[in-house]
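J.: Sequence positions in the sequence shown follow numbering that gives the first Met the number 0 and run 0 to 131. Cβ atoms here follow ideal geometry from the backbone N, Cα and C, with glycine treated the same way. All values derive from a computational prediction rather than experimental measurement. Provided herewith is a single structure, encoded as structure tokens, for subsequent inquiry.
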Amino acid sequence: MRREPIEHLKYTKSAKNILKGFVDALSSSLDREFPYVTEWQELNSLFTNKYFKKPFILILDEFDALEEKFINQFANIFRKMYHARATVQKDIRSKYMLHGLALIGVRSVLGIENVTGSPFNVQRSVRIPNLT
Numbered sequence: 000m001r002r003e004p005i006e007h008l009k010y011t012k013s014a015k016n017i018l019k020g021f022v023d024a025l026s027s028s029l030d031r032e033f034p035y036v037t038e039w040q041e042l043n044s045l046f047t048n049k050y051f052k053k054p055f056i057l058i059l060d061e062f063d064a065l066e067e068k069f070i071n072q073f074a075n076i077f078r079k080m081y082h083a084r085a086t087v088q089k090d091i092r093s094k095y096m097l098h099g100l101a102l103i104g105v106r107s108v109l110g111i112e113n114v115t116g117s118p119f120n121v122q123r124s125v126r127i128p129n130l131t
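Next up, the structure:
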């Protein structure tokens, strides 16, 4: 399990720089090298058994600091990985090592607007009063 703050990307305007910043933060946090990705579709390759030997839980802190279009892109990619693990053959399913995801922020992911539907099966928001 790893908590990764991404608030430092909030003023980034290009998808390429968002992806670079995300990979840099992931590499730094985990003390390992990941290849740079330049397209959203390549992001899922970072969470495969090529880079992780054990199941991995990713916690993205301050996720809601990103622009909404980038929040939607991340959400869609993570959702595709979830579906791939849930619906494909066992040998393909076992290549994805991202087994859990927590998106932390002051806004709820329930508010993410997506024309194709909700990017997550969200049951409820958790409100934690008096958290500092």
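Within the same chain, show all residues whose beta-carbon is closer than 8 Å to that of R31, passing over the 5 residues directly before and after it, in chain order.
T.: Y50
J.: Just to confirm, is the Cβ distance from N141 to M80 under 8 Å?
T.: What is shown of the chain runs 0 to 131, which leaves residue 141 out entirely.
J.: Have a look at S27, K52, S13, L18 and flag the residue whose alpha-carbon is nearest the alpha-carbon of I76.
T.: L18
J.: Anyone know if the C-beta pair for I5 and L65 falls short of 8 Å?
T.: Contact flag set, yes.
J.: Rounded to the nearest angstrom, what separates F33 and F46 at their Cα positions?
T.: 10 Å
J.: Going by DSSP in three states, Y35 sits in which element: helix, strand or coil?
T.: coil
J.: How far does the alpha helix (DSSP H) with G99 in it extend, from its first residue to its last?
T.: Note, G99: premise wrong, no alpha helix (DSSP H); beta strand (DSSP E) at 97 to 102.
J.: Closer than 8 Å by C-beta to Y35: which residues in its own chain qualify, once you throw out the five before and the five after it? Chain order, please.
T.: L18, K19, V22
J.: Quick one: give me the first and last residue of the beta strand (DSSP E) that D60 is part of.
T.: Here the beta strand (DSSP E) through D60 covers 55 to 60.
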